[in-house]
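Note that the sequence shown ends on residue 142 in the numbering used here; no numbers are left out.
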Amino acid sequence: MWSNLKMQPLSQIKPEELKRLRAELLPPYKVILHNDDYNEMDYVIFALLQAVNFLTAREATRIMYIAHFTGKAIVTICPKEIAEYYQERLISYNLTATIEPA
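Written out as structure tokens, the structure reads:
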């Protein structure tokens, strides 16, 4: 499989094939925010915005409410190393966060 791709110019490889290969090489992980009884809602939104800098205020609010009402919410899905980074950032704001394979 790889030998076939090595012979093709990158511009000739179909986007679906590139996406599949990326997922094979860098399997996706979910970053999960867990509800807690300690942090106020506004603080959780603030922490999400600081820890995961690509989130909008609307997305952070939605994630906070999902975690609040269901017990947990997916913050993002990304390769494992990046998921660990976001998990550590959320924990540094005293939030409870885990990662798991997507």
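We put the CB at the ideal spot given by N, CA and C, even for glycine.
At the level of alpha carbons, what is the spacing between residue i and residue j?
{"i": "residue 141", "j": "residue 114", "result": "12 Å"}
{"i": "residue 136", "j": "residue 56", "result": "35 Å"}
{"i": "residue 51", "j": "residue 68", "result": "24 Å"}
{"i": "residue 97", "j": "residue 85", "result": "7 Å"}
{"i": "residue 81", "j": "residue 94", "result": "19 Å"}
Where do the N-terminal and C-terminal ends of the alpha helix (DSSP H) with residue i fall, by residue?
{"i": "residue 115", "result": "Run containing residue 115: none in the alpha helix (DSSP H); it sits in the beta strand (DSSP E), 112-119."}
{"i": "residue 59", "result": "55-65"}
{"i": "residue 83", "result": "81-91"}
What whole-angstrom Cβ distance do residue i and residue j have, given they're in contact under 8 Å?
{"i": "residue 72", "j": "residue 122", "result": "About 14 Å; that fails the 8 Å criterion."}
{"i": "residue 79", "j": "residue 111", "result": "Going by Cβ atoms, the distance from residue 79 to residue 111 rounds to 14 Å, so no, they are not a contact pair."}
Residue i lies in the beta strand (DSSP E); which residues open and close that run?
{"i": "residue 133", "result": "That residue, residue 133, is in no beta strand (DSSP E); it is neither H nor E in DSSP."}
I'd like to confirm the pairing. Which residues does DSSP put opposite residue i in its beta bridges?
{"i": "residue 69", "result": "118, 141"}
At least 3 beta-carbon pairs within less than 8 Å: the region 60-70 vs the region 87-98: no
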